[in-house]
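Just so you know, UniProt numbering puts the end of the sequence shown at 452, numbered straight through with nothing missing. First up is the structure itself, then whatever we jot down about it.
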Amino acid sequence: MSVTLTFDAARRKTYRESGYWGDASLGDYWRQTARAVPDKIAVVDNHGASWTYAALDYAASRLANWLLSQGIQPGDRVAFQLPGWCEFTLIYLACLKTGAVSVPLLPAWREAELVWVLNKCQAKIFFAPTVFKQNRPVDLILPLQNQLRHLTHIVGVDKLAPATTALALSQIIDRSEPLQSDINIHGDELAAVLFTSGTEGMPKGVMLTHNNILASERAYCARLNLTWQDVFLMPAPLGHATGFLHGVTAPFLIGARSVLLDIFTPEACLTLLAQQRCTCMSGATPFIYDLLCAIEQQPADLSSLRFFLCGGTTIPKKVARDCQQRGIKLLSIYGSTESSPHSMVNLGDSTSRMMNTDGYAATGVEIKIVDEDRNTLPAGHEGEEASRGPNVFMGYLDEPELTARALDNEGWYYSGDLCRMDEDGYIKITGRKKDIIIRGGENISSREVEDI
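Structure representation (structure tokens):
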């Protein structure tokens, strides 16, 4: 089932003329990279899995062919609840090859969230691990099938244990022929639905087109001078925008390597960083804090690391100072699932700007600060941060009222975050209007806490 997306004709024309949007899809970019560097390592994880671009493309083509054989059509939703494993990228690529919409889900979600989200997005196929963290996610979902109105298949990702109660991903790939030709998808089509927590209590489905994601990640890579030589370490959940966009998507757009970690511990993260000679890393403030504590106890090899990109909450001064003392370049980034990181510092910025601001607008993005009536405020005044650009989402899935509250007719997304902007366009997030608790980099609705 496809979703009808509404585009503002004037903005669409501007974005296309400026080169932010085009006809190409994420799948087109993947194919281009896979042909250019087939023998280069595309993705590795902490379980020792390692895939070249060619091998990953071949396996994804087999899975894509199976998806089509099960009736998946362009616009249909395919959900996958996986941790930081290579198989996450594999399933994502199979979706790109068929035109299916990727719906990555957080491994921490249990029955209530899963039933809600799978019904909301009308997922037809669901992938989950046979075993993860001593749980059996596939067995969790099987008894709920009668509540899942649109689901036709449940596939067990048999990385750590055989699939005994569901179809096995490994068998599907082994028994399927590769797809002869990928389905042609336009850049304006829906690419992914990322669910984000909100004050309404249940996750909201953020709709992102291929062009939204391409605009976001090209600007991200350009601002940070990322190239095919970089090695991206992603310790954050891949169901979040940070992991999905910066940990999985951005690397293949530029032919780089993606390094995935399924369960974050500072020791495991530092080991992987040294083994893979990672050059860049992203995560919320708690990640870097834990890493600093671990380094205090046991020195680690950070010689390959160009920078740690930090977002999600304000960076404490002590953390920034400790990073500086240890030679870790700590960069601030700001954004949301709805307006994927659209403000970043520059690698050449002064230490003061890196430590005291959340950067300035990414290429193609406009930022303004508004009062309660959404009137633009002058520099230095605190108000709500709003952004507009080719990266901004198309709305919340099947939630027109929520969409209208957050996204106006002129394309401005109102974040609910309090902010100040200086005369040079650098912003500083000062607080939150949203009624959200941040715990370990995860957004938790306060209503969920109150309901316990």
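Yeah, the Cβ is synthetic: ideal placement off N, Cα and C, and Gly gets one too.
*Could you check which residue in V78, R257, T242, A219 has the C-alpha nearest to that of T153?*
Reading the sequence as shown, one finds His at residue 153 and not Thr. With distances taken between Cα atoms, H153 lies closest to V78.
*asked:* Please identify the residue among E113, P316, D182 whose C-alpha is closest to the C-alpha of G99.
replied: D182
*Please name the residue, chosen from D188, V138, L151, P178, that lies closest to A168 on a Cα-to-Cα basis.*
V138
*For P162, which three-state DSSP category applies?*
coil
*Out of Y289, L214, L190, which has the shortest C-alpha to C-alpha gap to G19?*
L214
_Three or more C-beta pairs under 8 Å: does that hold for the segment 242-254 against the segment 202-222?_
yes
*F393 by DSSP, collapsed to three states: which one?*
coil
*When DSSP labels each residue in this structure, what does M202 get in the three-state scheme?*
coil
*For V193, collect the residues of the same chain with a Cβ closer than 8 Å to its Cβ; drop the 5 residues on either side in sequence, then sort them by chain order.*
R77, V101, S102, V103, C121, G205, V206, M207, L208, L397
*Taking V131 as the reference, give the member of P107, E385, L118 with the closest Cα.*
P107
*Nearest to K428 (by Cα), restricted to the options E177, V155, D358, L105*: D358
*My guess is that D262 and P83 are in contact by the Cβ rule of under 8 Å, so how many angstroms apart are they, rounded?*
4 Å
*First and last residue of the alpha helix (DSSP H) that includes E111?*
111-121
*Starting from the C-beta of W116, find all residues in its chain whose C-beta is less than 6 Å away, skip the five residues before and the five after it, and write them out in chain order.*
M202
*Below 8 Å on the Cβ atoms is my guess for E372 versus G389; work out the distance and round it to an integer in Å.*
That pair is no contact at about 23 Å.
*What's the call for T227, buried or exposed, on a 16-neighbour Cβ count within 10 Å?*
exposed
*Taking just the CA atoms, how far does L190 sit from N119?*
18 Å
*So does R257 have its beta carbon nearer than 7 Å to some heavy atom of the ligand GDP?*
Within the structure as shown, the ligand GDP is missing, as the structure has no ligands at all.
*Determine, using beta carbons only, whether G283 and A236 come nearer to each other than 8 Å.*
yes
*Measuring alpha carbon to alpha carbon, tell me which of A123, R420, E87, D417 ends up nearest G75.*
A123
*Alpha carbon of A9 to alpha carbon of G22, nearest angstrom*: 14 Å
*asked:* With three or more C-beta pairs closer than 8 Å as the rule, is the segment 270-282 touching the segment 307-317?
replied: yes
*Where are the alpha helix (DSSP H) runs, 4 residues long or more, that stay fully inside the segment 284-359, in chain order?*
285-297, 317-325, 351-356
*What span of residues does the alpha helix (DSSP H) with F88 cover, start to end?*
86-98
*Near R16, which residues of its chain fall below 6 Å by C-beta distance, leaving aside the five closest residues on each side in sequence?*
none
*Run through DSSP, which three-state label would A24 get?*
coil
*Nearest to H342 by CA position, among G327, R353, L330, V392, is which residue?*
V392
*Do you know how far the Cα of E401 is from the Cα of E384?*
20 Å
*Apart from the five residues on each side of it in sequence, which residues of its chain come closer than 6 Å, Cβ to Cβ, to I333?*
L309, G311, P341, M344
*Given a cut-off of 8 Å, decide if S25 and G187 are closer than it, judged by their beta-carbon atoms.*
yes
_Extent of the continuous beta strand (DSSP E) to which A274 belongs_ = Taken as a continuous stretch (DSSP letters only), A274 belongs to no beta strand (DSSP E), being part of the alpha helix (DSSP H) at 266-276.
_Tell me the DSSP secondary structure of I436 in three-state form._
A caution first: I436 carries a pLDDT of 49, below 50, which makes its placement in the model too unreliable to give a value.
_Let me check understanding here. Comparing Cα to Cα, which of R374, V370, L330, A362 lies closest to R353?_
L330
_The alpha helix (DSSP H) that contains L194, what's its start and end?_
Counting along the chain, L194 falls outside any alpha helix (DSSP H), though it belongs to the beta strand (DSSP E) covering 190-196.
*Is it the case that the Cβ atoms of S258 and A42 are separated by a distance below 8 Å?*
yes
*Test item: CB-CB of L96 and W51 under 8 Å*: no
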